[in-house]
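A.B. asks: So for the sequence shown, the numbering used here puts the first residue at 42; every next one is plus one. For every residue, glycine included, the Cβ atom is placed at its ideal position computed from N, Cα and C. The structure under discussion is supplied below as C-alpha cells; questions concerning it will follow.
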Amino acid sequence: MRLNQKIDTHSGYFRRRLKSAGVVLLNVNVNLGGIRVGSMASDCGIFIGDNMQHGWDSHGKTNAGFGAVVGDGNQLLVWMSQLFDSDLIDVPIFDNDIKSPAMSYVQGG
C-alpha cells in the first residue's frame with residue numbers, strides 16, 4: 042500500500058446495497074506518514090493499534106481569559122490579558138463511578 046492511498050472500506054456488494062438505500066458513504070483516508078495534533082484537552086487521547094481504554098476520568102476547570110490562538114505560524118506581537126475568577130470553590134468533583142478491579146489488572150495497577 043502506498044502512503045496517502047485511499048482505502049475504500051465499503052466495496053462491492055455492500056456499497057451497492059447501501060447506495061440503493063440512500064446511504065451516503067465517505068471514503069476513509071489512511072496516512073501512515075505521521076500524526077498531526079492541533080490541540081489536546083485533558084479528556085482526549087491518541088490510540089494506535091489494538092488497545093483498550095477503561096476507567097478514564099477527566100475533571101477540572103479551565104479559564105481562557107485570552108481565548109484561543111489556533112493555526113500555524115501565529116504571532117502575538119502586543120497583547121494583554123486579565124482574568125478575574127472570584128469563585129470560592131472551583132469545580133466540586135464527586136467521582137462516584139466504580140472502576141472494575143479487573144480493569145486495574147489490565148492497566149497494570
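#1: Reducing DSSP to helix, strand and coil, say where Lys60 ends up.
#2: Just confirm the distance between the C-beta atoms of Ala106 and Leu124, as a whole number of angstroms; I'd bet it's less than 8 Å.
#3: Among Ser61, Ala62, Gly63, Gly79, which has the Cα closest to the Cα of Gly114?
#4: Quick check: what's the CA-CA separation for Val119 versus Gly112?
#5: How many Å lie between Asp126 and Cys85 at the Cα?
C.D. replies: So, from the listed chains and residues:
#1: helix
#2: Residue identity differs from the one stated: residue 106 is Gly in this sequence, not Ala. The pair is a contact, with the Cβ atoms about 3 Å apart (cut-off 8 Å).
#3: The residue from Ser61, Ala62, Gly63, Gly79 with its alpha-carbon nearest to that of Gly114 is Gly79.
#4: 18 Å
#5: Their backbone Cα atoms lie some 26 Å apart in a straight line.
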